[in-house]
Structures are given as C-alpha cells and as structure tokens.
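Here is the structure we will look at.
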Amino acid sequence: MTTLADDLARLAAIPTTDVLTVDLPLPGKEQGKVRDIWRVGDKRIIVTTDRQSAFDRVVGTIPYKGQVLTRLAQWWFERTADIVPNHVVDVPDPNVIIARDARVWPVEMVIRGYITGVTKTALWFNYDQGKRRLYGIDFPDGLRKNERLPEPVITPTSKAASGAHDEMMTREEILAADFVPADVYAQMEDATRRLFARGQALAAERGLILVDTKYEFGDIDGQLTLIDEIHTVDSSRFWMQDNYAARFAAGAEPETFDKEFLRRWYVDEAGYRGDGDPPPLPRALAERMSRLYIEAFERLTGEAFVPDSADPGERMVLNLRVAGVLG
Ligand SMILES: Nc1ncnc2c1ncn2[C@@H]1O[C@H](COP(=O)(O)OP(=O)(O)O)[C@@H](O)[C@H]1O
Ligand SMILES: [Mg+2]
Numbered sequence: 103m104t105t106l107a108d109d110l111a112r113l114a115a116i117p118t119t120d121v122l123t124v125d126l127p128l129p130g131k132e133q134g135k136v137r138d139i140w141r142v143g144d145k146r147i148i149v150t151t152d153r154q155s156a157f158d159r160v161v162g163t164i165p166y167k168g169q170v171l172t173r174l175a176q177w178w179f180e181r182t183a184d185i186v187p188n189h190v191v192d193v194p195d196p197n198v199i200i201a202r203d204a205r206v207w208p209v210e211m212v213i214r215g216y217i218t219g220v221t222k223t224a225l226w227f228n229y230d231q232g233k234r235r236l237y238g239i240d241f242p243d244g245l246r247k248n249e250r251l252p253e254p255v256i257t258p259t260s261k262a263a264s265g266a267h268d269e270m271m272t273r274e275e276i277l278a279a280d281f282v283p284a285d286v287y288a289q290m291e292d293a294t295r296r297l298f299a300r301g302q303a304l305a306a307e308r309g310l311i312l313v314d315t316k317y318e319f320g321d322i323d324g325q326l327t328l329i330d331e332i333h334t335v336d337s338s339r340f341w342m343q344d345n346y347a348a349r350f351a352a353g354a355e356p357e358t359f360d361k362e363f364l365r366r367w368y369v370d371e372a373g374y375r376g377d378g379d380p381p382p383l384p385r386a387l388a389e390r391m392s393r394l395y396i397e398a399f400e401r402l403t404g405e406a407f408v409p410d411s412a413d414p415g416e417r418m419v420l421n422l423r424v425a426g427v428l429g
C-alpha cells in the first residue's frame, strides 16, 4: 500500500460527514493528497475533498474545506487570468473544477515575502539552524522569525511522487536536471512574481498579508498555464495586517488564517515533523480550522460562505450530468 492509501484507510475508520474520498462512475481515478481526479478526454475533473495534509501526509478532514478551496481558487483564477492563462473550464459543483489537462512541470514554484515556517523546507526552520544560503539565495545575519524580506524570494521544490517529501532546489539544479526548459522556467519565474504581487495587493485591500504561496504550472498546447489551485488557504499563508507590526515588534506570533497552527500542534504537542505515521488531527482542531478557513474566504472575497450540505456524492454526479461530463 502507498502511504496515501494507508492514511486514507486509517481515516476512513473515523466517522464524520466530511468528504474524505469521492467515487464517480468513471474509470481511471487518480488521487493526490487533497484531490480525487479523473481524466476525461483532454479535460480533468478535479474534486477537492475535505482532506487535510500536513508534512506531506493526510492527517484528517476539515468540514467544508473542499468547498472553501474550490470557491477561493475560482475567485483568484478569475482575478489573475490577465497575468497568465489558467486551466479552469467550468466549476459545475461546489467541490469540482473541470480543467484542461496539462503536461505538468515537476516543480512547485514557492514564493515567500517573509521568513517563517516550521517545516523542513521552510525558510525560518533552516535559517534558525544557522544556514544562510537557502535555495541558492544568500540571507543576511540578524533576520528574525516572521520578518518581512526586502523583496519576495522564489524557493522552488521538486514535486515529489506520492508519499515522498518535496525537496528544496535551486534554479541551477532545476535546469541541470532538465526538469523544465530554461525559457519556460524564466516564464514561470516571471509569472510567479507577478501573480504574487497581484495576490499581495488584493489581500492588502482586505486587511490581509499574503505571506507566501506556491504555484504549479503546466503546458497546454505549447502555452504556459497555471494549474492546480491559487492563493487558497491550503497553498498559502495569510496573516492579519493591522496587528502584524505590533506583534512582530513584541516578539509575538502573527494572527494567522492558515494551517500553521496545525503544523505547530503537530510539532509542539505531538512531536511530529513528518517521520512515521502522523497522529490523527483532533476534531476540535479540525473544527477550528474550518472556522478559520471560512473566515479567510469571507474576508478575502467579501462574500458570505453558504455551505452546500447536500450529499456530496449524489450532488456531484447530478451536477456533472447537467454539465454534460457524465452520461
Ligand atoms: N490542469 C491540470 N492538468 C494536469 N494535472 C493537474 C492539473 N491541475 C492539477 N493537477 C495535478 O493534480 C494533482 C492535484 O491533487 P493534489 O491532491 O493537490 O495533489 P498533491 O498531493 O500532489 O498536492 C496534483 O498532482 C497537480 O499537479
Ligand atoms: Mg496539491
């Protein structure tokens, strides 16, 4: 069994009404940590479930997370399509995006405006251990946790096969390994910087700091295309803007809307950093995450989040029939 199948089997034994996995009457299901995917012709049906990952493992489910992520990604895709084309064709259901199938470039384009994080690929985790050259970039002495960087830095990681950890890389390593052709990689860097600038600007209008995020790109008909998700609470960190400076000056942690407190719970309370089986996410934490994710969505978009609580499996089949994707 793969690690993912193993994680899902353990979680299936815990009773909740959250969307752990989805079965559509279609062949060829693929599973990522968060998404169940079917390839149909030149399209992909991408179902975002309520699965929550941490340290590259699935640790539990968060109520309504799939709906929040789907709507938030859709909101951002619409607001960034002038920078780089994206894969979205249709959003026929609160959990489903129909996308154009891409040849995926095997690099996660992480970009960070602040030095923070407790995972093995995080800037702060490595800097705190004394490293000053990270991702091929030199960092000065004297930085403090959560400090704003003079300018955003791109810190790419390899897209690991299921169950493996993403590895820190430099531009030189990516090009030497032929992961991406040099001209395409230059386009990816440019798109990454411009998407992040747009994200930071729109978040700032809503009183939030977009701290860091990651993008995935693919090739569709020879064109660089943004795929997967964008500026969701899963792929990004968001902090409250108005109290950031005061908290930073006082040496206190920022007020976050992301999974950092979940990561902190795993590290501080459970002593877990990604080795061995993760302890299951406590339900109280899952519910707190759910409230936080919904609040982040509502702040960013200015829209109310009204969950659709119809049976997700039946609803998706119905909506996909209406969209003409299922017979
Ligand atoms: N348009 C697309 N074409 C092909 N693959 C895609 C597209 N959009 C997203 N993907 C891939 O689908 C998967 C999404 O599932 P997810 O659960 O997020 O996976 P992961 O465990 O890799 O994070 C990722 O591997 C992503 O690269
Ligand atoms: Mg993913």
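Numbering (our numbering), first residue to last: 103 to 429.
C-beta: ideal position from N, C-alpha, C; glycine also.
With a floor of 4 residues, list each alpha helix (DSSP H) that falls wholly inside the region 332-400, ordered by position along the chain. 346-351, 362-366
Taking F241 as part of the alpha helix (DSSP H), name the residues at either end of that continuous run. Taken as a continuous stretch (DSSP letters only), F241 belongs to no alpha helix (DSSP H), as it is neither H nor E.
Would V170 be called buried (16 or more neighbouring beta carbons within 10 Å of its own) or exposed? buried
Cut-off 7 Å between Cβ atoms - residues of its own chain near V191, not counting five sequence neighbours on either side: K145, I200, A201, R202
Helix or strand or just coil, what does DSSP make of F298? helix
Taking all protein chains shown into account, do 16 or more other C-beta atoms lie within 10 angstroms of the C-beta of A351, making it buried, or fewer, making it exposed? exposed
Let me know if A156 comes out buried or exposed under the rule of 16 or more other beta-carbons within 10 Å of its beta-carbon. buried
Closer than 7 Å by C-beta to G219: which residues in its own chain qualify, once you throw out the five before and the five after it? Chain order, please. L225, W226, F227
Heavy atom of ligand 1 less than 7 Å from the Cβ of R159, yes or no? no
Can you give the Cα-Cα distance for W341 and A306, rounded to whole angstroms? 10 Å
Should V170 be counted as a contact of ligand 1 given a C-beta to heavy atom distance under 7 Å? no
Please confirm if the region 412-420 is in contact with the region 121-128, defined as three or more CB-CB distances below 8 Å between the two stretches. yes
Is the CB-CB distance between A114 and L122 below 8 Å? yes
Got a sec, what are the start and stop residues for the alpha helix (DSSP H) F179 sits in? 167-180
On the DSSP bridge list, what partners appear for L126? In DSSP, L126 forms no bridge with anything.
Let me know if V408 comes out buried or exposed under the rule of 16 or more other beta-carbons within 10 Å of its beta-carbon. exposed
In the DSSP assignment, find the beta strand (DSSP E) that holds D230 and state where it starts and stops. Run containing D230: none in the beta strand (DSSP E); it sits in the alpha helix (DSSP H), 225-230.
For P283 and E210, which I take to be in contact (beta-carbon distance under 8 Å), what is that distance rounded to the nearest angstrom? With 8 Å as the limit, P283 and E210 do not qualify as a contact, their Cβ atoms being about 17 Å apart.
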